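This report concerns only the one structure given below.
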Amino acid sequence: MKITDRKKEIINIAAKLFKEKGYSAVTMRDIAQALDIKAASLYNHIKSKQEILVLIIIEIAEEFTDVMNEVVSSEDSAIKKIKRIIELHIDITLRDSNALACLNNDWMHLTDSDLEYFIKMRNDYEDNFRVIMKKGIEEGEIKNYNLDVIIFSILSTLRTLYIWYNKTNKLSSKSLTDNMVKVLLNGIV
-13 MKITDRKKEI INIAAKLFKE KGYSAVTMRD IAQALDIKAA SLYNHIKSKQ EILVLIIIEI
47 AEEFTDVMNE VVSSEDSAIK KIKRIIELHI DITLRDSNAL ACLNNDWMHL TDSDLEYFIK
107 MRNDYEDNFR VIMKKGIEEG EIKNYNLDVI IFSILSTLRT LYIWYNKTNK LSSKSLTDNM
167 VKVLLNGIV
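Rendered as structure tokens:
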């Protein structure tokens, strides 16, 4: 389904509000007010606040999933794969921190099949990350530290990067990427 420019604008404003206030605290009236339109006009473009949430979270989760699937199926070394995953997280953080915040903070408000679909994507993503790390350890590319600690440390840092980066915003994309790769990889290589 093609998303119209107006619908994209609604989604972007909603993601910003969800990041600032949390999904539960934002109303359709808040979204309409931020767009300087009447709440009833929103329904010409969007069915509900839940639809907005689904569009935000599922789109970004599918992007993470698609890139992870490419990375896992590549013939690259574990280190190159991890670097690509770090770059993916940084790219999404810099491009759309509002949507990333929504994905991290509001996914539990998804319902039914959308929630199941998201949880499956998240679990598959983490399982694939685990496979990459395990292979890196087995091949001697990565130090044989506790696998769960490595995964938690890296993914927690990457998933919450938007919080820290929005406070500093002083590093260029390249500098941030170079430094994150060095910091995250030199601690385990």
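Numbering of the sequence shown is given in our numbering, commencing with residue -13 and proceeding in unit increments.
For glycine and all other residues, C-beta sits at the position ideal for the given N, C-alpha and C.
If you're wondering where the values come from, they're calculated on a predicted model, not measured in any experiment.
Per the contact definition of three or more C-beta pairs closer than 8 angstroms, is the segment 83 to 90 in contact with the segment 147 to 166?
yes
For Glu125, does the three-state DSSP call read helix, strand or coil?
Counted from its first residue, the sequence shown places residue 125 at position 139. Reduced to three states, the DSSP call for Glu125 is coil.
Cβ pair count under 8 angstroms reaching 3, the segment 156 to 164 against the segment 130 to 139:
Segments in contact, no.
Roughly how many angstroms lie between the CA atoms of Asp(-9) and His31, to the nearest whole one?
One-based indexing of the sequence shown puts residue -9 at position 5. One-based indexing of the sequence shown puts residue 31 at position 45. One C-alpha to the other measures close to 10 angstroms.
Going along the chain, which residues of its own chain have a beta-carbon closer than 7 angstroms to the beta-carbon of Glu125, five neighbours each way excluded?
By 1-based counting over the sequence shown, the position of residue 125 is 139. Hits under 7 angstroms: Ala64.
Can you say whether Phe4 is buried or exposed, counting buried as having 16 or more other CB atoms within 10 angstroms of its CB?
Here residue 4 is taken as the residue at index 18 of the sequence shown, counted from 1. Looking at its Cβ environment, which holds 16 or more other Cβ atoms inside 10 Å, Phe4 is buried.
Residues near Arg167 in its chain [Cβ-Cβ closer than 8 angstroms; skip 5 each side]:
Working through the sequence shown from its first residue, we reach residue 167 at position 181. In the sequence as presented, Arg is not what sits at residue 167; that position holds Val. Only Lys69, Ile72 and Glu73 meet the Cβ criterion.
So, at 7 angstroms on beta carbons, what are the nonlocal neighbours of Tyr111 in its own chain, with the 5 sequence-adjacent residues on each side left out?
The residue labelled residue 111 in the question sits at position 125 within the sequence shown. So the qualifying residues of the chain are Phe50, Thr51 and Met54.
Could you give the uninterrupted runs of the alpha helix (DSSP H) lying entirely in the segment 97 to 147, keeping only those of 4 residues or more?
98 to 124 and 133 to 145
By DSSP, does Glu61 sit in helix, in strand, or in coil?
In the sequence shown, the residue the question calls residue 61 occupies position 75. Coil.
Does Ile46 come out as helix, strand or coil in the three-state DSSP assignment?
By 1-based counting over the sequence shown, the position of residue 46 is 60. Ile46: helix per DSSP, three-state reduction.
Can you tell me where the alpha helix (DSSP H) with Thr13 in it begins and where it stops?
Against the sequence shown, residue 13 aligns to sequence position 27. Looking at the DSSP string, Thr13 is not in any alpha helix (DSSP H), and its letter there is neither H nor E.
Look at the alpha carbon of Tyr165 and the alpha carbon of Met119, and state the distance between them as a whole number of angstroms.
Indexing the sequence shown from 1 puts residue 165 at position 179. Indexing the sequence shown from 1 puts residue 119 at position 133. A small fix is needed here, since residue 165 is Asn in this sequence, not Tyr. Their Cα atoms are separated by approximately 20 angstroms.
Pick out whichever of Ile(-4), Ile44 and Ala1 has its Cα sitting closest to the Cα of Ile23.
Locating residue 23 in the sequence shown gives position 37, counting from the first residue. The residue with the shortest Cα to Cα distance from Ile23 is Ile(-4).
Selected residue, minimal CA-CA separation from Lys(-7), among Met107, Lys35, Gly8 and Ala11
As a first step, residue -7 is located in the sequence shown; it is residue number 7 there, counting from the start. Distance from the Cα of Lys(-7) is smallest, within the candidate group Met107, Lys35, Gly8 and Ala11, for Lys35.
Just the C-alpha distance for Ala18 and Tyr9, rounded to the nearest angstrom, thanks.
Here residue 18 is taken as the residue at index 32 of the sequence shown, counted from 1. Here residue 9 is taken as the residue at index 23 of the sequence shown, counted from 1. Going from the Cα of Ala18 to the Cα of Tyr9 covers about 15 angstroms.
Can you check which of these residues, Lys106, Ile140 and Ser99, is closest to Val40 by C-alpha distance?
What you label residue 40 is simply residue 54 of the sequence shown in a count that begins at 1. The shortest Cα separation from Val40 among Lys106, Ile140 and Ser99 belongs to Ser99.
Is the CB-CB distance between Ala47 and Arg116 below 8 angstroms?
Against the sequence shown, residue 47 aligns to sequence position 61. Against the sequence shown, residue 116 aligns to sequence position 130. No. Outside cutoff.
Would Arg15 and Ala25 qualify as a contact pair, given that the criterion is a beta-carbon distance under 8 angstroms?
As a working note, residue 15 is residue 29 in the sequence shown. As a working note, residue 25 is residue 39 in the sequence shown. Going by C-beta atoms, Arg15 is nearer than 8 angstroms to Ala25.
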